[in-house]
Amino acid sequence: MKDLENISQLIDQSVSLDDLEKVRVEIFGKKGVLSKGFVKLKELQGEEKKEEAQRLNELKESLLGLFDAKYSEIKNKEVEAKLKEDALDLTLYQNSYQTAALHPVMETMDRIIEYFVSLNFSIENGPLVEDDFHNFEALNLPKNHPARDMQDTFYFADNSLLRTHTSPVQIRKMMDTKPPIRMIAPGVVFRRDYDLTHTPMFHQVEGLVIDAKDKVNFAHLKSILTEFLLEMFGDVKVRFRPSFFPFTEPSSEVDISCIFCKGEGCRVCSHTGWIEVLGCGIVDPNVFKAVGYEDVSGYAFGIGIERLAMLIHEIPDLRSLFEGDIRLLEQFR
Amino acid sequence: MIVTRNWLSEFVDLEGISDELICDTLNSIGLEVASLQKIEIPEGVVIGKIISCQKHPDADKLNVCEVDTGYSIRQIVCGAANVVDAEYVAVATIGTQLPSGLEIKHANLRGVDSDGMICSASEIGLPSFGEGIMILDASIGELIVGEALSNYESVADSIIEVELTPNRGDCLSVLGVARDLSAALSRDMREIDLKLNEHTSRAGISRHASLESEKKFDIDLIFALVNIDVLSLPFIIKLRLAFIEEEVKDRISAITLYATNSIGVIIRAYNEGCFSKDDGVAKIKISQNEKGLIEVLASENICSTVGVNQYAGCTPIINGEKVFIEASYISAENLSSMDVTKKDIQTDNFYYNTSRGSNPDVDFGIKYTLKLLEKSSNTEIYDGFLIHEYKKENTIIKVSISQLSKIIGAELDKSSVVSILKRLGFEVSISSEDLLAITVPLFRADILNAQDIAEEILRMTGIDNIKSQALSFVENYHTRAVYDEYLAKKSIRCKSVGAGFYETVSYIFSERKLLEKYGFEVIDKNLELLNPIVEELNTLRSTLLVNLLLAAKRNASYSKRTIPLFEIGAVFDKNREQKEKIAFLFSGSSDSENITNSGKPKMIYADAFIQKLGSSIGLFDLAPCTFQNSLIHPYQSADIVIEGKVCGYISKLHPIAQEDFGIKDTFIAELDVHPLIKTKKVASAISNFQGVYKDISVVLSKDIVYSEIKSTIDTLDLDYLKAFYPIDIYSDKALKKDRSLTLRMYIQSHEKTLEDTDIESVVGAILSKLEDNFGAKLR
Numbered sequence: 004m005k006d007l008e009n010i011s012q013l014i015d016q017s018v019s020l021d022d023l024e025k026v027r028v029e030i031f032g033k034k035g036v037l038s039k040g041f042v043k044l045k046e047l048q049g050e051e052k053k054e055e056a057q058r059l060n061e062l063k064e065s066l067l068g069l070f071d072a073k074y075s076e077i078k079n080k081e082v083e084a085k086l087k088e089d090a091l092d093l094t095l096y097q098n099s100y101q102t103a104a105l106h107p108v109m110e111t112m113d114r115i116i117e118y119f120v121s122l123n124f125s126i127e128n129g130p131l132v133e134d135d136f137h138n139f140e141a142l143n144l145p146k147n148h149p150a151r152d153m154q155d156t157f158y159f160a161d162n163s164l165l166r167t168h169t170s171p172v173q174i175r176k177m178m179d180t181k182p183p184i185r186m187i188a189p190g191v192v193f194r195r196d197y198d199l200t201h202t203p204m205f206h207q208v209e210g211l212v213i214d215a216k217d218k219v220n221f222a223h224l225k226s227i228l229t230e231f232l233l234e235m236f237g238d239v240k241v242r243f244r245p246s247f248f249p250f251t252e253p254s255s256e257v258d259i260s261c262i263f264c265k266g267e268g269c270r271v272c273s274h275t276g277w278i279e280v281l282g283c284g285i286v287d288p289n290v291f292k293a294v295g296y297e298d299v300s301g302y303a304f305g306i307g308i309e310r311l312a313m314l315i316h317e318i319p320d321l322r323s324l325f326e327g328d329i330r331l332l333e334q335f336r
Numbered sequence: 003m004i005v006t007r008n009w010l011s012e013f014v015d016l017e018g019i020s021d022e023l024i025c026d027t028l029n030s031i032g033l034e035v036a037s038l039q040k041i042e043i044p045e046g047v048v049i050g051k052i053i054s055c056q057k058h059p060d061a062d063k064l065n066v067c068e069v070d071t072g073y074s075i076r077q078i079v080c081g082a083a084n085v086v087d088a089e090y091v092a093v094a095t096i097g098t099q100l101p102s103g104l105e106i107k108h109a110n111l112r113g114v115d116s117d118g119m120i121c122s123a124s125e126i127g128l129p130s131f132g133e134g135i136m137i138l139d140a141s142i143g144e145l146i147v148g149e150a151l152s153n154y155e156s157v158a159d160s161i162i163e164v165e166l167t168p169n170r171g172d173c174l175s176v177l178g179v180a181r182d183l184s185a186a187l188s189r190d191m192r193e194i195d196l197k198l199n200e201h202t203s204r205a206g207i208s209r210h211a212s213l214e215s216e217k218k219f220d221i222d223l224i225f226a227l228v229n230i231d232v233l234s235l236p237f238i239i240k241l242r243l244a245f246i247e248e249e250v251k252d253r254i255s256a257i258t259l260y261a262t263n264s265i266g267v268i269i270r271a272y273n274e275g276c277f278s279k280d281d282g283v284a285k286i287k288i289s290q291n292e293k294g295l296i297e298v299l300a301s302e303n304i305c306s307t308v309g310v311n312q313y314a315g316c317t318p319i320i321n322g323e324k325v326f327i328e329a330s331y332i333s334a335e336n337l338s339s340m341d342v343t344k345k346d347i348q349t350d351n352f353y354y355n356t357s358r359g360s361n362p363d364v365d366f367g368i369k370y371t372l373k374l375l376e377k378s379s380n381t382e383i384y385d386g387f388l389i390h391e392y393k394k395e396n397t398i399i400k401v402s403i404s405q406l407s408k409i410i411g412a413e414l415d416k417s418s419v420v421s422i423l424k425r426l427g428f429e430v431s432i433s434s435e436d437l438l439a440i441t442v443p444l445f446r447a448d449i450l451n452a453q454d455i456a457e458e459i460l461r462m463t464g465i466d467n468i469k470s471q472a473l474s475f476v477e478n479y480h481t482r483a484v485y486d487e488y489l490a491k492k493s494i495r496c497k498s499v500g501a502g503f504y505e506t507v508s509y510i511f512s513e514r515k516l517l518e519k520y521g522f523e524v525i526d527k528n529l530e531l532l533n534p535i536v537e538e539l540n541t542l543r544s545t546l547l548v549n550l551l552l553a554a555k556r557n558a559s560y561s562k563r564t565i566p567l568f569e570i571g572a573v574f575d576k577n578r579e580q581k582e583k584i585a586f587l588f589s590g591s592s593d594s595e596n597i598t599n600s601g602k603p604k605m606i607y608a609d610a611f612i613q614k615l616g617s618s619i620g621l622f623d624l625a626p627c628t629f630q631n632s633l634i635h636p637y638q639s640a641d642i643v644i645e646g647k648v649c650g651y652i653s654k655l656h657p658i659a660q661e662d663f664g665i666k667d668t669f670i671a672e673l674d675v676h677p678l679i680k681t682k683k684v685a686s687a688i689s690n691f692q693g694v695y696k697d698i699s700v701v702l703s704k705d706i707v708y709s710e711i712k713s714t715i716d717t718l719d720l721d722y723l724k725a726f727y728p729i730d731i732y733s734d735k736a737l738k739k740d741r742s743l744t745l746r747m748y749i750q751s752h753e754k755t756l757e758d759t760d761i762e763s764v765v766g767a768i769l770s771k772l773e774d775n776f777g778a779k780l781r
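Residue numbers (my numbering), protein chains in the order written: chain X, 4 to 336; chain F, 3 to 781.
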């Protein structure tokens, strides 16, 4: 039995799982020390047998405990060694992938579209090459009207033109459907103008709401646009200034307090503290007449996207937006 | 339109109203203030009276003046030639700091002491006008020697530039802006004194002139005849014309210009000598020319085209000569029907006013001008006028207070509505409890209906004072088609960005020559753009790729080594039909420079580009390329096929084009957007039986492209064949012109676990079909 006492040392001296396996066989195997001890029990009788059995069981128990502890110890060491072997500095790989970015103007337009879609506005499209009727005439801009000067137009040899605003989509929609209407028309528009602050193409989102006579008024327009601008720009002041558009009456331009100087006055707002962001108004009766609507009321608004995107993202140069310049675009990743 | 505070005050009472309030008010009523400039006359500049003026003993160009500056008489040396004509001047006394930074000190000029400076306009911060020093007169108020010039409100004025919308021709005058302010601030308009001095022997105009018209034209003309002895321009007129940045050509045109800017009536002057005479009576003729324009004629010479232009020949040079003063009106509507701008007719400065609506009150206009002349000169004014008058009807609008309230969305008060309209020059009569009959003044041709009236009320009430209201809207069903399309495109855009492509937006324009060079369609000549902005943008694009390549070229010049771009946008075919396309471009290194590739990523190659494209647009097949243009690489290109339809192409950029654009290896793709917009997907049942992967290798000619093999197998329509794809190609000398192609198949049934015979039947069918069609042999 002395052997039995000493075998705990065997467990302790094991350094690998292989060593431990050998020890396990020696101790717990069919021909192991413990088994031999239990076989010898047959030779004993009575109290002595009982005592010896109890002793053997206790020994087995304690050896198993020792064995399990040793097993975990060696296993953990081996896992640790394996892990260390796998070591890799992942921080080296931070530039090993490529991702790009949406265009800031398109992303701004997405935000505007999603805002109005969430209010259940429909989205409408129209052609970029338009005719005089849809782009001007039906919008209360008869030939020789001085307001046509406001919109220097690209013309084609067959007298069609590139739409100067998204408003012709209103006309198409109204001629196509009966009121009520609640729509936006996002898209590109064109003016024959090319300098630091003008590009020949830019984006607009047009909005139009039409319902029965006397239902839609200026206070409604004020409500929706104020909320929209707060959503886009956060905590700003909104100011409505009377203005003129041939297709709305009354008309208004809408300013927000300058987001750069908080209304104190800076270069961006030309020291006025205000930045003009959109135009709007109550649809002019002549527009309804042109599309054959009677007994309706409505409002319309138009938002220039580039300007909004430039304000939100503090983009200094309008023209850079149309040059596919990765140095600009990668900043929006 | 530029106005000044002091000039406005001639028409409206602005007492106690700050410049800032004036500007805020103008902004809130729709007359947007572009700038406010307050003239600040330096402290120490006072009114001086020249007592004597003598030549400097040692300098030809200098004068030595004795000037009374109120509390003392100073000797001041002055270099301006016009000082000899001056009586009252602006004197900068010792210690005055001028805007230029110069401080006035005692000086000795060539041996003569000088205690102060006699100033020109620009020296004390006024806009410069005329030459030499300013010669003051009582037009700025009583001249008190020694009084600070800054106390004269007409000099230390505030200049306000207003941006007018095109409908507000009536505000192209100080009077018009004053009228709007009067309504917005509830201040009274001032009476204008038009009464001329009583002359003892005023001759009647009809003895000296006659007016003859072919017929009654839709214009108003009124002529007066004056005999101006010496016309000296009052200081205030010169100063104000300088404030509004008008250049003074001669004295009489300064008067007409001033009058027109002041009250908005178009005023012109003609030399009476130009008109032929019959018995001493000058004959003024009005007739219509072949272009439809109405002209004022002096015998055969054209003096002016009404509302359009005046010709230099009849401009008077006053030297005791008789001068006709004319006030004219032609409505903007009438003028626009004459299509002036399209007929290549020269127009003068007043055309801007007439085309937007000048003041129709010619009677007021002529009287105002005569009064001005009388104040500025010794003028003999002949009695009476020659008049061509066209009767115009005022627009009358009937509208109820409740109707106006419903347009604006606020309860309006009748008395304030009436008060606003009256101040704006409307006549209002109340025909019943709620109904107003509003007579629109002739100068407001832009007011045509109830909504126009509502706008007047809204802007005078202030939009900011209207309470927002949410609109309750009863929804109709509206189709989501466009929104669904938008969402689909947005998903493609986001996936493309995830695959590493930057979204770009380029002009829909292109250069015709460039499109032709690369073999793209161009718009038919008779549909082409007439007025392009520059040659590089002289047509509409028929492809997105040329613009993407130009962007790639720019990026390459910024040392970008990886240039991945995409764009969704409109293109136009030769019939100018619009179509939406999406294009991808990947130029340069296929990957970032990183640890894995030791900073040497491979140039973009077909497989990598196709994978990126797949990540962006989803599933597609490739087929031999059927597109032709000079960007396409003839041996590394393919059609993109989606749901059986060819909808675009993918290609390596042709090396010549690559050289043209100065970029590295590049792949391009362009396809229609429409096929990418997926319709509703329907799920099919999933098999629960185990499937089997099986590889076969066949030897066939290198000339046979894989897409042919694929479509051949597809035509077999084998039930158990769930998928197959190429996994290896191999060629060596022994195979000669053939190659070995390994296909992997996935074979599965929905009904049962497959037996060997089932699998063999699938493989067998494929092999025999490939042998039949292509002579393929199992390797």
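Glycine residues also receive a C-beta, built at the ideal position from the N, C-alpha and C atoms.
Predicted model, so just to flag it, every value in this text is computed and none were measured.
For X:F31, same chain residues with a beta-carbon under 7 Å away, outside a window of 5 residues either side, are L37 in chain order.
F:S770 and F:I715 have their C-alpha atoms some 11 Å from each other. With contacts defined as CB atoms closer than 9 Å, X:P245 and X:A215 fail to qualify as a contacting pair. Taken in chain order, the members of the stretch 161 to 179 of chain X whose beta-carbon sits within less than 7 Å of a beta-carbon on chain F are D161. For F:C305, the enclosing beta strand (DSSP E) stretches over residues N303 to T307.
For the stretch 298 to 327 of chain X, the set of positions with a beta-carbon nearer than 9 Å to some beta-carbon of chain F reads S300, Y302, L324, F325, E326 and G327 in chain order. Scanning chain X for C-beta atoms nearer than 7 Å to the C-beta of F:Y488 yields I116 and I126, reported in chain order.
Check the Cα spacing between X:K240 and each of X:D135, X:L23, X:F41 and X:K265: the tightest is with X:K265. Residue contact check for X:N79 against chain F: no CB pair falls below 9 Å. Non-local C-beta neighbours of F:Y722 in its own chain, meaning closer than 7 Å and more than five positions away in sequence, comprise I749, Q750, S751, L756, D760 and V764, ordered along the chain. Here X:P253 carries a strand assignment [DSSP, helix/strand/coil].
Per the coordinates, the alpha-carbon of X:E252 lies some 26 Å from the alpha-carbon of F:I162.
Cβ-Cβ distances below 6 Å link F:E216 to S289 in the same chain, with the five nearest sequence neighbours on each side left out; the list follows chain order. Take F:Y392, set aside five residues on each side of it, and the residues of its chain with a beta-carbon closer than 7 Å to its own are K218, F219, D220, I221 and D222, in chain order.
Cα atoms of F:L772 and F:L547: separation of roughly 38 Å, rounded to the nearest angstrom. For F:C25, the uninterrupted alpha helix (DSSP H) segment begins and ends at D21 to S30.
The count of Cβ pairs closer than 8 Å, one atom from the stretch 554 to 564 of chain F and one from the stretch 659 to 677 of chain F, reaches three, so the stretches are in contact. With respect to F:S184, F:F13 sits close: the two C-beta atoms are nearer than 9 Å. Counting C-beta atoms within 10 angstroms of its own C-beta, F:S418 has fewer than 16 neighbours from the protein chains shown and is therefore classed as exposed.
Beta-bridge pairing by DSSP links F:Q580 to F:F574. Residue burial annotation: X:I308 is buried, with at least 16 other C-beta atoms found within 10 angstroms of its C-beta. Note that the stretch 124 to 137 of chain X touches the stretch 571 to 582 of chain F; at least 3 beta-carbon pairs, one per stretch, sit closer than 8 Å.
Each residue's CA atom was taken as its position, placing F:G464 and F:S30 some 6 Å apart. Every beta strand (DSSP E) of 3 residues or more that sits fully in the stretch 65 to 139 of chain F is shown, in chain order, as 75 to 80, 90 to 94, 109 to 111 and 114 to 116. For F:H676, no chain X residue has a C-beta closer than 8 Å to its own C-beta; the minimum C-beta separation is roughly 13 Å.
Between F:Y90 and F:G46, the C-beta gap is not smaller than 9 Å, which leaves the two residues out of contact. For the pair F:Q630 and F:Y504, the Cα-to-Cα distance works out to about 26 Å. Burial is judged here by how many other beta carbons sit within 10 angstroms of a residue's own beta carbon; F:V283 has fewer than 16 and is exposed.
Annotated as distal: F:A88 and F:E133, with beta-carbon spacing of 9 Å or more. Using a Cβ-Cβ cut-off of 9 Å, F:H480 counts as an interface residue toward chain X, since at least one Cβ of chain X sits closer than that to its own.
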